[in-house]
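Mapping of the sequence shown onto the working numbering: position 346 corresponds to residue 346, and the numbering continues sequentially without gaps.
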Amino acid sequence: MDHRTPAPAPDRRRTARGRLPLVLALALLGGGCTGGVEGTPGAAGLRDPYFPGLGNGGYDVTHYGLELDVDPAADRLRGTATITARATQDLSAFHLDLAGLEVAGATVEGRPAAVNRAGRELTLRPASAVEDRLREGRTFTVVVRYSGSPETVTDPDGSKEGWLRTADGAVALGEPAGSMAWFPGNHHPSDKATYDIGITVPEGLAGISNGELVSRRTANGRTAYRWRTAEPMASYLATVAVGRFTTRESVTPDGIRLFTAVDPRSAAASADVLARIPEVLAWSAKRFGPYPFTSAGAIVERAGDSSYALETQNRPVFPGPPDTALLVHELAHQWFGNSVTPASWRDMWLNEGFATYAEWLWAADHEGVPVRESFEAAYADDANWAFPPAEPPTAAELSEPPVYGRGAMVVHRVRLAMNDDRAFFALVKGWTSAHRHANASTDDFTAHVEEETGQDLAALWDAWLYGGSRPPTGAGEP
Ligand code: TRP
Ligand code: ZN
């Protein structure tokens, strides 16, 4: 007999890090039945404060295997996603996020699964024969075959992400919600996973992605690139770039593998700044701790192909030749954002505040601009005071100046409160090491600082992180 419970309880509370108790609505079989506990459907979203529908409940993805066939001339993507996940509850069904595209079919544990589509939510109901493989704690495999012309996603602030067409191909950008335009998954930053991404493109084009190039083979007029990301990655940091690229491989003196892919029309103008990647990584490691990944590099498009840079893991995407400050910013994100990833989109300032602070530190060390001057300029700029960095009013304001400039001011106020540069940089390194390859929230940060300094910094947080208006410069002094 098959007692299925009805719809999931959508108000199930679960923090992005899963630290609050997950209220499991376990459905006990009624009296007289011989069975034990049956599964319930996983939630359709993780209740992110800004994007409640992103991600899905009931499982954690450990690995994505993506096989992508991209034909830019036909504007077509054909994909197979093999997702390995661990159930965090007994599941009778579960969701994947996918925007656009057509799903040809799916299997769970090798058996055809029923697929239902509602907007950007795919619901998969596994065959009853494999239901016991989706018990809490067990690892299961999902395969989804899909194809179509991928969507360009418009953010709440109007900027474009997802699948962006370029003159000779496409580039995929995923912050905060664009990666669901090219593969189904658990698209919330709290669920990090390793990736194997294979991209097959017409011969003459390149298919670039994150991590390390494992192989590149041409047959029958198609070239297959295989990339491996063995360190955990949030899905918003995954990328593929298809097009004509000049590629370069090398190893830094510190043993980090470098791979750069540059649109030939941006090559001459970006050569000097890309040559500084090893230097910027070494400088960053001195301040922030060891580089968190085994490979690094850059993808440089042409201006107009995308309108902004993104810190895609290992290999940031630049919309044309970057200047040094932008390179420093995106490489700093490899520590702040990519290794230490926000627990929810509310914690964005931990990404942008630190990446902006990295620019200030670089300017102090290389351009003779004291950090105090950068701080004062940010303090004087009204745009930085529109709202507190830890509480953007809406999703449309997540990448507004307070998240960057005021976020960096918070970091500097911590440094001033400590009044000891050696201790400050030790604290920053302790932060990147404590949450390496994991997730962290604003509360984790303030707790870390208070523990490391032994100070009660409530006044500092109230004034600089949460306060509604510009505090006097002495505010929050311990
Ligand atoms: N993270 C990017 C950077 O500063 C900027 C960005 C792109 C962004 N898309 C976003 C920030 C969406 C917030 C939300 O390097
Ligand atoms: Zn940034």
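For glycine and all other residues, C-beta sits at the position ideal for the given N, C-alpha and C.
Residues of its chain near residue i, where Cβ-Cβ distance is below 8 Å and the 5 sequence neighbours each way are ignored
i: Ser307; result: Ser159, Lys160 and Pro319
i: Thr252; result: Leu258, Ile277, Pro278, Leu281, Ala282 and Ala296
i: Ala170; result: Val70, Pro72, Pro150, Trp163, Leu164, Val240, Ala241, Val242 and Gly243
i: Asn373; result: Note on identity: in this sequence residue 373 is Glu, with Asn being the wrong assignment. Around Glu373: no qualifying Cβ.
i: Asp365; result: Trp283
Residue i versus residue j: straight-line alpha-carbon distance, rounded
i: Leu46; j: Gly55; result: 5 Å
i: Ser469; j: Met409; result: 14 Å
i: Gly476; j: Arg165; result: 47 Å
i: Arg438; j: Asp444; result: The residue you asked about is not Arg; residue 438 is Ala in the sequence shown. Roughly 12 Å between the two C-alpha positions.
i: His329; j: Ala358; result: 6 Å
i: Val130; j: Arg111; result: 8 Å
i: Gly30; j: Pro292; result: With a pLDDT of 30 at Gly30, under the threshold of 50, the predicted position of this residue should be treated as unreliable, and no value is reported.
i: Thr356; j: Val403; result: 10 Å
i: Arg120; j: Pro370; result: 47 Å
i: Leu173; j: Ala238; result: 7 Å
i: Arg449; j: Val414; result: What sits at residue 449 in the sequence shown is Val, not Arg. The straight-line gap from Cα to Cα measures roughly 8 Å.
i: Leu327; j: Trp464; result: 27 Å
i: Leu28; j: Glu136; result: Annotation note: pLDDT 32 at Leu28 (below 50); position unreliable, coordinate value reported separately. Roughly 15 Å separates the two Cα atoms.
i: Val317; j: Met418; result: 35 Å
i: Thr386; j: Pro393; result: What sits at residue 386 in the sequence shown is Ala, not Thr. If you take the alpha carbons of Ala386 and Pro393, they lie about 10 Å apart.
i: Pro189; j: Ala268; result: 35 Å
i: Leu331; j: Leu361; result: 13 Å
i: Ala230; j: Tyr64; result: 11 Å
i: Tyr236; j: Glu367; result: 33 Å
i: Met348; j: Val300; result: 24 Å
i: Gly467; j: Ala459; result: 10 Å
i: Pro264; j: Ala104; result: 37 Å
i: Leu77; j: Thr312; result: 20 Å
i: Leu398; j: Gly53; result: 17 Å
Spatial neighbours of residue i in its chain, beta-carbon cut-off 6 Å, leaving aside the 5 residues before and after
i: Asp168; result: Gly243 and Arg244
i: Ala378; result: Asn384, Gly405 and Met409
i: Leu427; result: Glu452
i: Leu66; result: Ala81, Phe183 and Ile197
i: Gly178; result: Val153, Glu161 and Gly162
i: Asn116; result: Thr123
i: His412; result: Phe375
i: Thr446; result: Trp461
Close-in-space but distant-in-sequence residues of the same chain around residue i (CB under 7 Å, 5 per side omitted)
i: Glu151; result: Ala99, Gly100, Gly162, Trp163 and Ala181
i: His95; result: Gly42, Ala44, Asn56, Glu121, Leu122 and Thr123
i: Glu352; result: Val403, Tyr404 and Gly407
i: Pro471; result: Ala463 and Trp464
Where the beta strand (DSSP E) through residue i begins and ends
i: Lys160; result: Lys160 to Thr166
i: Ser399; result: Where Ser399 is concerned, there is no enclosing beta strand (DSSP E), given that its DSSP letter is neither H nor E.
i: Arg248; result: Thr246 to Val251
i: Tyr291; result: Unbroken run through Tyr291: none, as it is neither H nor E.
i: Phe183; result: From DSSP, Phe183 is part of no beta strand (DSSP E); its letter is neither H nor E.
i: Glu231; result: Arg222 to Met233
i: Gly148; result: Thr139 to Gly148
i: Val242; result: Val240 to Gly243
i: Thr473; result: Careful: Thr473 lies outside any beta strand (DSSP E) and carries neither H nor E.
i: Ser215; result: Glu212 to Ala219
i: Glu121; result: Glu121 to Arg125
Start and end residues, alpha helix (DSSP H) containing residue i
i: Ser266; result: Pro264 to Leu274
i: Trp283; result: Ile277 to Phe288
i: Ala204; result: In the sequence as displayed, the identity of residue 204 is Gly instead of Ala. Here Gly204 belongs to no alpha helix (DSSP H), and DSSP marks it neither H nor E.
i: Gly407; result: Gly407 to Met418
The ligand ZN heavy atom lying under 7 Å from the CB of residue i
i: Asn210; result: no
i: Ala355; result: yes
i: His435; result: no
i: Glu352; result: yes
i: His366; result: no
i: His333; result: yes
i: Glu311; result: yes
Near the ligand TRP: residue i beta-carbon under 7 Å from a heavy atom
i: Glu151; result: no
i: Tyr50; result: no
i: Leu398; result: yes
i: His329; result: yes
i: Ser270; result: no
i: Glu38; result: no
i: Asp155; result: yes
i: Met180; result: no
i: Tyr225; result: no
i: Ser159; result: yes
i: Glu175; result: yes
i: Tyr308; result: yes
CB contact below 8 Å: residue i versus chain B
i: His412; result: Looking for chain B here will not work: only one protein chain is present.
| query | At what residue ranges does the region 426 to 453 contain a whole run of the beta strand (DSSP E), taking only runs of 3 or more? | reply | 438 to 440
| field | Contiguous beta strand (DSSP E) assignments of at least 3 residues, all confined to the region 311 to 395 | value | 340 to 342
| message | Quick check on the DSSP output: what are the complete beta strand (DSSP E) runs of length 3 or more inside the region 53 to 111, in order along the chain? | response | 59 to 71, 76 to 87, 91 to 97 and 102 to 108
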